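Under the numbering used here, think of the first position of the sequence shown as 3, with each following residue one higher.
Input: a single structure, listed below in C-alpha cells.
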Amino acid sequence: MEIILKSGDSLLVKVEPTTQEPTTQNGDILNYVFNGTVGQPATNDFLEAYNTTYSDDLGEVWGKCIATQGSNSGFGGRFPENFLKEGDTRIIEWDCFFPRDFDFTASGGALKFMRQRVKSQPYSTDGGYVDIYINSATKGLRYHNELANTATDTMNDSTLMLGQPNKIKLLVRFSSVNPLVQLWLNDSPVHEDKTTPTCTEQFKEVTDVLYFSYWNGNAPKNQASYIRNVTITNVRG
3 MEIILKSGDS LLVKVEPTTQ EPTTQNGDIL NYVFNGTVGQ PATNDFLEAY
53 NTTYSDDLGE VWGKCIATQG SNSGFGGRFP ENFLKEGDTR IIEWDCFFPR
103 DFDFTASGGA LKFMRQRVKS QPYSTDGGYV DIYINSATKG LRYHNELANT
153 ATDTMNDSTL MLGQPNKIKL LVRFSSVNPL VQLWLNDSPV HEDKTTPTCT
203 EQFKEVTDVL YFSYWNGNAP KNQASYIRNV TITNVRG
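What follows is the structure, given as C-alpha cells:
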C-alpha cells in the first residue's frame, strides 16, 4: 500500500512497526528502534545525531533525518562504535522511508547512504569507507568501495520505492583475501561482490557506521527522510 504525505508531512496511512527484542551495546546484536520522544534529538539510537530527531510524521515514531537546502552538514548520524577486524562480518538491516518528491541530487551523481569506515588504527583519522550510495538519477542503490576506488551500480531491481517504506539488508565481510559484500532491497538480492577487498594490510580496523552524515554537494532543498528498526549484527572471525 502506498503512503501519501499531505503538506506538512502528515500521514494518511499508518505504518506498523517491526517488533524487535531489545539488546545492549555490549553484545554483538545491536538494535536501534528509533522510538524516542517526538521532537528530541535521536541520541537514544545515534551516538551523534546530525539534525535527526524523533518524529511521528509517519504515524509511528521514526528517526527524521532533516536536510537543509544549500547545506552539506547535519543529516543522518553516527552509530555507537563497535570495532571489527580482518575476517569479521557485519550485517546491517534497516527500514527507511523517502517521500515521493524526495530529491537525491548530489555531487558526483550519488548520495552517500550507509557507510562503514576502515582505518589503520581504531582512533586514527586515515582510511576510507565501504559504502552504499544512492544514484541521484535512477534512485538505485550503488556499492562504492573507497579502499579499492571502485563503484558498482546494482541495477537488478535496486531502485528505492518512494512514498513507501523500504527494507534494506547489507552484509560485509571485511577481508583483504576473502571479501564478501551482499545487498538486499525489500527481501530481494540486488548485488554481490566476492572479489573487491574490503580491508587491506594497511587499513584493517573497522570502526564507524554512519547513516548519511552529510550531503555531498549541498542539499538541493529542505526535505527529510526517515529511518527506524536498525539491527547491526557483528560476527567475529
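Every residue gets a Cβ at the ideal spot worked out from N, C-alpha and C, and that includes glycine.
Because the structure is a prediction, the values reported are computed rather than measured.
Backbone CA spacing between R117 and F36 [nearest angstrom]: Position 115 of the sequence shown, counted from the first residue, corresponds to residue 117. Position 34 of the sequence shown, counted from the first residue, corresponds to residue 36. Taking the straight line joining both Cα atoms gives about 19 Å.
What do you get for S126, buried or exposed, if any count of 16 or more other CB atoms within 10 angstroms of its CB means buried? The count along the sequence shown starts at 1 and reaches residue 126 at position 124. By the neighbour-count rule (16 or more Cβ atoms within 10 Å), S126 is not buried but exposed.
Near T140, what residues of its chain come up, given a Cβ to Cβ distance below 7 Å and the 5 sequence neighbours on each side ignored? Within the sequence shown, numbered from 1, the residue matching residue 140 stands at position 138. Only T161 meet the Cβ criterion.
Chain-order list of residues whose beta-carbon lies under 7 Å from that of S227 (same chain, five-residue window excluded): Here the question's residue 227 lines up with position 225 in the sequence shown. These residues qualify, in order along the chain: C67, C98, F99, F100, F104.
Option nearest K121 by Cα separation, candidates I229, N218, V211: Reading the sequence shown from its first residue, position 119 is the one you call residue 121. Checking every option, the nearest Cα to that of K121 belongs to V211.
Anyone know if the C-beta pair for I94 and A112 falls short of 8 Å? Looking up residue 94 in the sequence shown gives position 92. Looking up residue 112 in the sequence shown gives position 110. Contact flag unset, no.
At the level of alpha carbons, what is the spacing between L182 and D90? Here residue 182 refers to the residue found at position 180 when the sequence shown is read from its first residue. Here residue 90 refers to the residue found at position 88 when the sequence shown is read from its first residue. Approximately 11 Å, taken between the alpha carbons.
Do G78 and R230 have their C-beta atoms closer together than 8 Å? Counting from one through the sequence shown, the residue named residue 78 turns up at place 76. Counting from one through the sequence shown, the residue named residue 230 turns up at place 228. No, the pair does not count as a contact, with Cβ atoms beyond the cut-off.
Could you check what DSSP says for G79 in three-state terms: helix, strand or coil? The residue labelled residue 79 in the question sits at position 77 within the sequence shown. Of the three classes helix, strand and coil, the one that applies to G79 here is strand, per DSSP.
In whole angstroms, what is the alpha-carbon distance linking T233 and L173? As a first step, residue 233 must be located in the sequence shown, where it is residue number 231. As a first step, residue 173 must be located in the sequence shown, where it is residue number 171. Answer to the nearest angstrom: the Cα atoms are 12 Å apart.
Count the C-beta pairs between the region 215–224 and the region 31–48 that are closer than 8 Å, then say yes if the count reaches three, no if not. no
Inter-residue Cα distance where the pair is N74 and S109: Taking the sequence shown and counting its residues from 1, the one referred to as residue 74 is at position 72. Taking the sequence shown and counting its residues from 1, the one referred to as residue 109 is at position 107. Rounded to whole angstroms, N74 to S109 spans 11 Å at the Cα level.
Using the C-alpha atoms, what's the distance from A69 back to F106? Along the sequence shown, one-based indexing puts residue 106 at 104. Along the sequence shown, one-based indexing puts residue 69 at 67. Taking the straight line joining both Cα atoms gives about 11 Å.
Counting Cβ pairs, one atom from each stretch, are 3 or more of them under 8 Å apart for the region 182–195 and the region 39–57? no
Given 7 Å as the limit, tell me if E148 has its C-beta closer than that to any heavy atom belonging to the ligand NAD. In the structure shown, the ligand NAD is absent, as is every other ligand, since no ligand is present at all.
Straight-line CA distance for V40 to V63? The residue given as residue 40 occupies position 38 in the sequence shown. The residue given as residue 63 occupies position 61 in the sequence shown. Their Cα atoms are separated by approximately 7 Å.
Since Q42 contacts T55 with CB under 8 Å, what's their CB separation in whole angstroms? Stepping through the sequence shown from its first residue, residue 42 is reached at position 40. Stepping through the sequence shown from its first residue, residue 55 is reached at position 53. Sure, about 6 Å apart at Cβ, within 8 Å.
The beta strand (DSSP E) spanning K121 covers which residue range? Start at 1 with the first residue of the sequence shown, and residue 121 comes out as number 119. Counting along the chain, the beta strand (DSSP E) containing K121 begins and ends at 112–121.
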